[in-house]
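**Student:** If you scroll down you'll find the structure; I have some questions about it.
4 protein chains.
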Amino acid sequence: MNSFGDNFVFTSFGESHSAAIGGVLDGVPAGLHIDLTMIREALDRRAGRCQQSACGVSARAVREADEVEWLSGVLDGVTLGTPIAFLIRNRDARAEAYEAFKHSLRHAHADSTYEAKYGIRDWRGGGRASARETAARVVAGNIAAQLLAKKGIQITAKLVQVGDETRPEHFDEVINRYRAEGDSIGGIIACEVTGLPAGLGEPIFDKVQAHLAYAMLSINACKGFDYGSGFDGVGQPGSIANQHSGGMLGGITDGTPLTFRCVFKPTPSTPKAGVKGRHDSCVAVRAVPVVEAMTALVLANFADERVKG
Amino acid sequence: MNSFGDNFVFTSFGESHSAAIGGVLDGVPAGLHIDLTMIREALDRRAGRCQQSACGVSARAVREADEVEWLSGVLDGVTLGTPIAFLIRNRDARAEAYEAFKHSLRHAHADSTYEAKYGIRDWRGGGRASARETAARVVAGNIAAQLLAKKGIQITAKLVQVGDETRPEHFDEVINRYRAEGDSIGGIIACEVTGLPAGLGEPIFDKVQAHLAYAMLSINACKGFDYGSGFDGVGQPGSIANQHSGGMLGGITDGTPLTFRCVFKPTPSTPKAGVKGRHDSCVAVRAVPVVEAMTALVLANFADERVKG
Amino acid sequence: MNSFGDNFVFTSFGESHSAAIGGVLDGVPAGLHIDLTMIREALDRRAGRCQQSACGVSARAVREADEVEWLSGVLDGVTLGTPIAFLIRNRDARAEAYEAFKHSLRHAHADSTYEAKYGIRDWRGGGRASARETAARVVAGNIAAQLLAKKGIQITAKLVQVGDETRPEHFDEVINRYRAEGDSIGGIIACEVTGLPAGLGEPIFDKVQAHLAYAMLSINACKGFDYGSGFDGVGQPGSIANQHSGGMLGGITDGTPLTFRCVFKPTPSTPKAGVKGRHDSCVAVRAVPVVEAMTALVLANFADERVKG
Amino acid sequence: MNSFGDNFVFTSFGESHSAAIGGVLDGVPAGLHIDLTMIREALDRRAGRCQQSACGVSARAVREADEVEWLSGVLDGVTLGTPIAFLIRNRDARAEAYEAFKHSLRHAHADSTYEAKYGIRDWRGGGRASARETAARVVAGNIAAQLLAKKGIQITAKLVQVGDETRPEHFDEVINRYRAEGDSIGGIIACEVTGLPAGLGEPIFDKVQAHLAYAMLSINACKGFDYGSGFDGVGQPGSIANQHSGGMLGGITDGTPLTFRCVFKPTPSTPKAGVKGRHDSCVAVRAVPVVEAMTALVLANFADERVKG
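Residue numbers (this note's numbering), protein chains in the order written: chain A, 1 to 309; chain B, 310 to 618; chain C, 619 to 927; chain D, 928 to 1236.
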């Protein structure tokens, strides 16, 4: 299904070609002042629109900004405690198809050819599985992050590796090299959360790290997650490796900064592979705000009661 | 929270004053041709716009129709298997307040007066608890009903009692009498479902009648639910009363028509009680399509696997 | 499925013929002293073992008490915050069948005859759908009630009608008359909850009355639910009927006592209908503690956060 | 909470000191013949009881086997479609404490000292967070695996790295070296699933890899998860890395074998760290059947409808 969370629930909708993408965020307490500028900045980072080095890569072609239209749950910038619904129009939505739908009772004629051409399954994947859907996650996750920030909880993700390169000042160079070759390269994002109280999480299935892993692996192109000493700690004996708890012990936060990593594969849709058009040489760059957004959604679910108070 | 169902999930959003009300319907299989005329008719019945006796009451003042705007999940009138998002604009939404929100970062000044005037809690009830929200239920429920209809399952609700009157041809007279007095009166709606296969439902908590009761009591002004011999059967001995199973035995459909009733109280917001403006003298009239919609949502959840095939 | 609730979750298991029935109660906060005597008394009422008029009926044949065996989640009578698992042995469980199961790898021979005789479906209904399952509900619900009682919330259900009789002092007489005839009769149980704070519940689907209706209709033989003015209020105009809110307005508790009713049908399994053996002439009598238990489970889910504090 | 899954739900209970650990498995279809020998073998591997090289390590001290007691949901070795409840007694449970609980109403005296000594929170972690809880997962997961096996789906996990050693024939040597030093070492487990049909999973949050990651990170001592090219693929360009889909594309199985890894940290409770008593020098060894069990639970949830048929 298309919802995330139990207490703080984000429901996502929209295909790349539909009238809009968007979401409904349920469980946000009343009285939160939403900072629209923060949401805009996160969306810009996801869209690769930032001009500065803040993105970790050089300037990119300016794309038109995603405009968020708020439908419910907020008034004068303050949350009402009711579901927050929002949408972002798809500029290239097939308007004519949409028009046709309005009169479908009389003209629902395209169905059989449509199925013959795409098959429902393939075509649906094409629309819904588009990375564009992550824009809705960024909006919802940023609201969660603002809620957490009020309690002193800060989430910061950053690119820490591109290919084999771990020196940030060389990332642009590596990425540009692959772009020039019409190829792509993977990357690793590290995320740190500070200000979390000890005691969030539960000892069995609802371990904090389990929900973080779920959230990260739900992001397109993410191939792995680890925390604390992670995969790199396998060669270290117990007395050393366990110095890195990653902020969670037995599934429960221990009050120290929470740290985890996730790895993003290179996109297979490259000129080298015969796919034409603009492509991301390193999708991990634009995944950074998505990692932050999903982390915020996870933690808002855990921190719900404490944050509400 | 604001979602209904597990397999066929309807998430509702919107306040009476927000930009729009609407919903997201998740779990609708791909390939369903949606009949927009049926949705329109159900919305008209809910809005009290029908001119004929079909409503069970005389003609009412013509109100402007609710326009459904489809955001995702359908193309050329056919469902894609992805979440179906839709909205209905609130014509009287405070546009200026919405505008203010757009710039809330700089001008979020209304907060303290707002709380002093309404209190978050009261004000939110005013907006979200409005019966207008049921329009979104009608849209979602009608899609569920169309899915069920493909399998031969038909849901029909009708008003069977107004006050103490049980003769339909006298309902208008009774309602008009209360309206003339500036008062209101309650009513009972009976619902019948035909074409259900035997075997839907589960023996313990997920009894079909338990989910129907939940759904009906979630409708504004509904004060009770019974099925089969119901409350009236209490005076009959076992050998007689159990002739009326209501289509469910041990929580599971038995293949006979499913029948249940729900009672709606008279609205307390009447001229007699000092509340000015238009009022519904018998809210049960407009609740009929809402009862059908919620019934469809319940059954679509149970019938999901069978219907999907 | 076989779980009830989201925050305070009761999972029920067991057939009438299996080794045991029982349950797991998840979400009980740590530190609650459990009063086993209260649980015992509720179980005795459900089993029809009480000797006094407390049951509302005359003395019945003494049955052996249900013995609760605690498996986890409590130590020295105090809850640990972990899942509380318990079981009640079925004295008449087919031990030999169970033994056979232990060696089923080699001797799983009964399967085909078993299916030919019962069909999995029918037979399973026979075992799982037995009213015996409600004993597990009573145990879990009583723990919920004890948690609520610590906050001053009291739940009291009682039989208010048997057949057409509404005078409690005549109930035994009516029941005995039907028993003598080998027949059965229905009854109505009224439940009152005092001490609830205002503000529990949510305005749309998670209305308190919706969850109560769900819970009541999940009880075997329950055919209807209403609250406040209910079905009887349908003939009263708005100015009168709405004096009876039943303690809930718009789905949310208003701080006044919560009142609702539920109706139980007469059992169809009577000597008159050709069913031999002991039978309950009025199942509503033994349903009283089950109504209390399910009410407590509903309210513990709503009151969770407040009660936890 | 303590439940895993939506369609095929495993609820776990028990502390290391309680009367028993165990679980309830809901959603298992009727008619499955359960092979108790397979469950026993998986439990033995988890307990480190196997004598052969099958465990990947040398013979260990023989421990007493975990005895599973079946409470409901099975008859003559065949599932009934009802919840399957089972328990495993804790041999070293503090029987006297349990006895005291039986009379807690009169003798609930230990409460204040108990809180003063442990604090509810710490003490509860000690009991519930014990790795012993994974025995219940192994039972439930093995039933899921048997259900999947009927459809030709096979799950095989194995230890592929201990410390920096990747040659299986050297694992015992490495582990014994750390044991001799009173220290511990981490390991990596690889899991492969064959026979999965294409098309399981959903494109957004319910990606198969997301649920697998959640399941793996819910296992004690697991610090990371990756699939396909995973973390190691970060240095490979798009044209190479994407050869390793790991059996999932866009969150949905592609019909090829599914492959993933998870890393387990060395236990910090070693003689070198001052912790006395028997210890596991490499907890990854005993985690192998737990990885298989959790994988089976994940896939049984996804494969539910297909498998049920």
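C-beta: ideal position from N, C-alpha, C; glycine also.
#1: By how many angstroms is the C-alpha of L196 of chain A removed from the C-alpha of F302 of chain A?
#2: Could you check the C-alpha separation between L36 of chain A and V298 of chain A for me, to the nearest Å?
#3: Counting contacts by CB-CB distance shorter than 8 angstroms, is P1095 of chain D in contact with chain A?
#4: Could you name the residues of chain A that V1190 of chain D contacts, counting a contact when the two beta carbons are closer than 8 angstroms?
#5: Let me confirm a value: A135 of chain A is counted as buried when at least 16 other C-beta atoms fall within 10 Å, else exposed. Which label applies?
#6: When burial is assigned at 16 or more other CB atoms within 10 Å of the CB, is D164 of chain A buried or exposed?
#7: On the DSSP letters alone, give me the boundaries of the alpha helix (DSSP H) that I1238 of chain D sits inside.
#8: Use the C-beta contact count for S1156 of chain D: other C-beta atoms within 10 angstroms, 16 or more gives buried, fewer gives exposed.
#9: Restricting to Cα atoms, I'd like to know which of D:I1116, D:G1165, D:E996, D:K1077 is closest to V1066 of chain D.
#10: Going straight from the alpha carbon of S22 of chain A to that of V74 of chain A, what length do you get?
#11: In whole angstroms, what is the alpha-carbon distance linking R663 of chain C and I657 of chain C?
#12: Report, in whole angstroms, the separation of the C-beta atoms of Y832 of chain C and Y523 of chain B, which I expect to be a contact under 8 angstroms.
#13: Could you check how far apart the C-beta atoms of A683 of chain C and A911 of chain C are, in whole angstroms? I think they sit under 8 angstroms.
#14: Between A762 of chain C and chain D, is any beta-carbon pair separated by less than 8 angstroms?
#15: Using a Cβ-Cβ cutoff of less than 6 angstroms, which residues in the same chain neighbour G1046 of chain D once the five nearest sequence positions on both sides are dropped?
#16: Which of helix, strand or coil does DSSP assign to Q463 of chain B?
#17: In this structure, what does DSSP give as the bridge partners for A20 of chain A?
#18: Note down the Cα distance separating G390 of chain B from N2 of chain A, rounded to an integer number of angstroms.
#19: For S590 of chain B, which residues in the same chain have their Cβ closer than 6 angstroms to its Cβ, ignoring the five residues on either side in sequence?
#20: Which residues, in chain order, does the stretch 502-516 of chain B contribute to contact with chain A at a C-beta distance below 8 angstroms?
#21: Let me make sure I understand the geometry here. Which of A:P29, A:I34, A:T270 has the alpha-carbon closest to that of G315 of chain A?
#22: So, with DSSP's three-state summary, where would you put T1006 of chain D?
#23: Could you tell me whether the Cβ of T752 of chain C comes closer than 8 angstroms to any Cβ of chain D?
#24: Any idea which residues DSSP pairs Y845 of chain C with across the strands?
#25: Answer with yes or no whether the minimum CB distance from S1057 of chain D to chain C is below 8 angstroms.
#26: Compute the beta-carbon to beta-carbon distance between Q827 of chain C and L526 of chain B, rounded to the nearest angstrom, for a pair I have assumed lies under 8 angstroms.
#27: At a CB distance below 7 angstroms, what residues from the stretch 576-596 of chain B approach chain C? Give them in sequence order.
#28: Are three or more beta carbon pairs between the stretch 864-875 of chain C and the stretch 554-566 of chain B nearer than 8 angstroms?
#29: Please classify V908 of chain C: is it buried, with 16 or more other beta-carbons within 10 angstroms of its beta-carbon, or exposed?
#30: Is E490 of chain B helix, strand or coil by DSSP?
#31: Alpha carbon to alpha carbon, what distance is there between H1138 of chain D and C673 of chain C?
#32: Per DSSP, what are the beta-bridge partners of A499 of chain B in this structure?
#33: Look at the alpha carbon of P855 of chain C and the alpha carbon of T697 of chain C, and state the distance between them as a whole number of angstroms.
#34: Pick from B:N451, B:Q463, B:T465: whose alpha carbon is nearest that of I343 of chain B?
#35: Please determine, among C:T812, C:F789, C:G819, C:E787, the residue with the shortest C-alpha to C-alpha distance to A775 of chain C.
**Tutor:** Looking at the atomic coordinates:
#1: 11 angstroms
#2: 21 angstroms
#3: no
#4: D226, G230, F231, G233, V234
#5: buried
#6: exposed
#7: Because chain D in this structure spans residues 928 to 1236, residue 1238 of chain D falls outside the shown range and cannot be described.
#8: buried
#9: D:E996
#10: The sequence as given places Gly at residue 22 of chain A; Ser does not occur at that position. About 15 angstroms.
#11: 10 angstroms
#12: 4 angstroms
#13: Not a contact, Cβ separation roughly 17 angstroms.
#14: no
#15: Confidence is the limiting factor: at G1046 of chain D the pLDDT is only 45, short of 50, which leaves the residue's position unreliable, though a coordinate-based value still follows. Here the set comprises nothing.
#16: strand
#17: A:R89
#18: 11 angstroms
#19: I484, Y487, R488, S493
#20: none
#21: Beyond the ends of chain A as shown, which are 1 and 309, falls residue 315 of chain A; an answer cannot be given.
#22: strand
#23: no
#24: C:F878
#25: no
#26: 5 angstroms
#27: T576, P577, T579, K581, A582
#28: no
#29: buried
#30: coil
#31: With a pLDDT of 46 at C673 of chain C, under the threshold of 50, the modelled position of that residue is not reliable, and no figure is offered here.
#32: B:K467, B:R570
#33: 50 angstroms
#34: B:N451
#35: C:T812
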